[in-house]
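Numbering (the working numbering), first residue to last: 29 to 372.
Encoded as structure tokens, the structure appears first; notes follow it.
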Ligand SMILES: NC(=O)c1ccc[n+]([C@@H]2O[C@H](COP(=O)([O-])OP(=O)(O)OC[C@H]3O[C@@H](n4cnc5c(N)ncnc54)[C@H](O)[C@@H]3O)[C@@H](O)[C@H]2O)c1
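Shown next as structure tokens:
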């Protein structure tokens, strides 16, 4: 796929010059080689490398990247290639969205989480100390190229993180896919390339089906946020030391308790969700060094807050959303405290 990308870039360049943005883990593995291949095809390309990890997905790194781009005389005739995991996609995508008021971005996800979810849909952002993804833009990519072979170099923990979003896709959008995951979990954990491609394809179809109906999240798209209101709060309270995949896993468990209590999500469905998350080696309790009150406070910074009240995107059953275009419901802090206590 990376070869196909180089050929596509040469045949129909999105810009005269490519700026490849990547982190310091992905750079030596794939970026140097990628830039060499692009240049061999006669395209102009430069590489900028930033430190890896969620704690660098912030305004400071964005500003630093922009300063480097200025030094390299990157103009409006350039396009960004976001080569890396979800952090790179969000950060580099946001740089592209605002550089000279917007230049094209090519999303080249290299983690399972980014391939199955983050690289699709055009959301870009950075975190603030007090809240996840609070500054960003919608900026659809020129293209998305996912080469599953690069997943071979992901460490086990990061690889498993990706299944949080994979399980979420089934839980909110497709019961058949959820069942398929239950029966193919072992092959997926062994990184079977055929099963992986099928799983990523299914996730992209589910997410794509939602995004085309509500690109800028006026209603339905919020459904993709199942597990994320609590998940993002856990990430912020942990000062971004808890990974996105692990935080969303715990978030789905807490929010499934809310779903059982508030929208009639069947208890056996909640059990199946928990079992599948555990099968993928992801956490189902938050074992609290984090104070529940701090988590509740952090949920108030969620982007779904309306009139100061926190709203949650909950499934009604495995594979299906609440009816109507508003898939969220308001839940008060006392109920959230009680759900957190139930899974601690
Ligand atoms: N924009 C969206 O719609 C959207 C959706 C879901 C998640 N996200 C964001 O995605 C981020 C999480 O993504 P992530 O889990 O990919 O994090 P990440 O980008 O930090 O990647 C995890 C780690 O894996 C390394 N890595 C990536 N590809 C590799 C490879 N092929 N081989 C070896 N190491 C590799 C990275 O260097 C990093 O250290 C969060 O910031 C989350 O908010 C965005």
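Every residue gets a Cβ at the ideal spot worked out from N, C-alpha and C, and that includes glycine.
This structure is a prediction, so every number in the text was calculated from the model and none was measured.
{"query": "Any alpha helix (DSSP H) of 4 or more consecutive residues that is wholly inside the region 84-130", "result": "87-99, 114-126"}
{"query": "Candidates 94, 113, 138, of which the one nearest residue 129 by Cα", "result": "94"}
{"query": "Sufficient close CB pairs (3 or more, under 8 angstroms) joining the region 152-160 to the region 191-200", "result": "no"}
{"query": "Three-state secondary structure (DSSP) of residue 196", "result": "helix"}
{"query": "Ligand 1 heavy atom lying under 8 angstroms from the CB of residue 124", "result": "no"}
{"query": "Residue 332 CB to nearest heavy atom of ligand 1 below 8 angstroms", "result": "no"}
{"query": "For residue 211, the first and last residue of its enclosing alpha helix (DSSP H)", "result": "203-217"}
{"query": "C-alpha gap between residue 342 and residue 96, whole angstroms", "result": "42 angstroms"}
{"query": "Assigned secondary structure, residue 174 (DSSP; H/G/I helix, E/B strand, else coil)", "result": "coil"}
{"query": "Cβ contact check for the region 164-181 and the region 134-154: 3 or more pairs under 8 angstroms", "result": "yes"}
{"query": "Of the residues 357, 164, 59, the one placed nearest residue 30, counting alpha carbons only", "result": "59"}
{"query": "Span separating the alpha-carbon of residue 346 from that of residue 214", "result": "21 angstroms"}
{"query": "Residue 235, enclosing alpha helix (DSSP H) - first and last residue", "result": "221-239"}
{"query": "Residue 299 - DSSP class collapsed to helix/strand/coil", "result": "helix"}
{"query": "Unbroken beta strand (DSSP E) run spanning residue 62, endpoints", "result": "Per DSSP, residue 62 belongs to no beta strand (DSSP E); it is in the alpha helix (DSSP H), 60-68."}
{"query": "Alpha-carbon spacing of residue 122 relative to residue 109, whole angstroms", "result": "12 angstroms"}
{"query": "Residue 84 classed as buried or exposed, judged by whether at least 16 other C-beta atoms fall within 10 angstroms", "result": "buried"}
{"query": "9 angstroms Cβ cutoff met for residue 369 and residue 326", "result": "no"}
{"query": "Under 9 angstroms between C-beta atoms of residue 136 and residue 46", "result": "no"}
{"query": "Beta-carbon proximity of residue 232 to residue 348, cut-off 9 angstroms", "result": "no"}
{"query": "Candidates 88, 152, 131, of which the one nearest residue 119 by Cα", "result": "152"}
{"query": "Three-state secondary structure (DSSP) of residue 320", "result": "helix"}
{"query": "Secondary structure of residue 51, DSSP reduced to three states", "result": "strand"}
{"query": "Distance between residue 102 and residue 48 (C-alpha atoms, nearest Å)", "result": "11 angstroms"}
{"query": "Stretch-stretch touch, CB-based, cutoff 8 angstroms, three pairs: the region 252-268 with the region 317-325", "result": "yes"}
{"query": "Coarse secondary structure for residue 340, derived from DSSP in three states", "result": "strand"}
{"query": "6 angstroms CB neighbourhood of residue 63 in its chain, flanking five on each side removed", "result": "48, 73, 75"}
{"query": "Option nearest residue 238 by Cα separation, candidates 359, 251, 107, 310", "result": "251"}
{"query": "CB contact flag (residue 107, residue 55, <9 angstroms)", "result": "no"}
{"query": "Span of the alpha helix (DSSP H), counted from its first residue to its last, around residue 57", "result": "Careful: residue 57 lies outside any alpha helix (DSSP H) and carries neither H nor E."}
{"query": "Helix, strand or coil at residue 78 [DSSP, three-state]", "result": "strand"}
{"query": "Sub-9 angstroms separation of residue 178 and residue 138 beta-carbons", "result": "yes"}
{"query": "Burial state of residue 50 (16 or more Cβ within 10 Å)", "result": "buried"}
{"query": "Residue 166 - partner residues in DSSP beta bridges", "result": "151"}
{"query": "Beta carbon of residue 242 nearer than 9 angstroms to that of residue 366", "result": "no"}
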